[in-house]
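Next comes the structure, spelled out in structure tokens:
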């Protein structure tokens, strides 16, 4: 196995590994994900915040949300709400609200003062989870 060098997309640092990648692009992605520069760290934090918020959307709107007294949404609506929380995690948006059709209620996602994404669902009763 030969060594492969990847380049961090943020700082240009070269990272060499003996891992096997199908392309140079994959090696560069790996290098970026494993770089210790500030911008790579910020990107990892945003990615983790987005994943946590997507899990909270799944809990409040996906299969199993009956535990909180809600009816699950269809796959397309669930995907739309996950896109909303990704928009918050990766952008400058601080709050997104949407009134959902039928008896699905109101979706709200906001950034807290601590920088976490809070996801809420309100349909007569309200349940809020923080990612």
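Numbering (my numbering), first residue to last: 44 to 174. Where is the CB? At the ideal position from N, CA and C, for every residue including glycine.
Residues near residue i in its chain [Cβ-Cβ closer than 6 Å; skip 5 each side]
i	result
residue 153	138, 161
residue 121	104, 105
residue 71	49, 50
residue 151	140, 163
residue 142	149
residue 144	none
DSSP three-state assignment for residue i, whether helix, strand or coil
i	result
residue 52	coil
residue 83	helix
residue 174	coil
residue 165	strand
Contact set for residue i: own chain, Cβ-Cβ below 7 Å, skip 5 residues either direction
i	result
residue 133	89, 93
residue 136	130
residue 173	155, 159, 161
residue 124	100, 104, 150
residue 171	161, 163
residue 111	103, 170
Spatial neighbours of residue i in its chain, beta-carbon cut-off 8 Å, leaving aside the 5 residues before and after
i	result
residue 46	59, 60, 61
residue 76	83, 87
residue 146	114, 166
Supposed contact pair residue j and residue i - C-beta distance, whole angstroms, cut 8 Å
i	j	result
residue 97	residue 128	6 Å
Exercise. Curious, which full-length alpha helix (DSSP H) runs of at least 4 residues does the region 92-159 contain?
Worked result: 118-133
Exercise. Do the region 81-97 and the region 47-59 meet, that is, are 3 or more Cβ pairs less than 8 Å apart?
Worked result: yes
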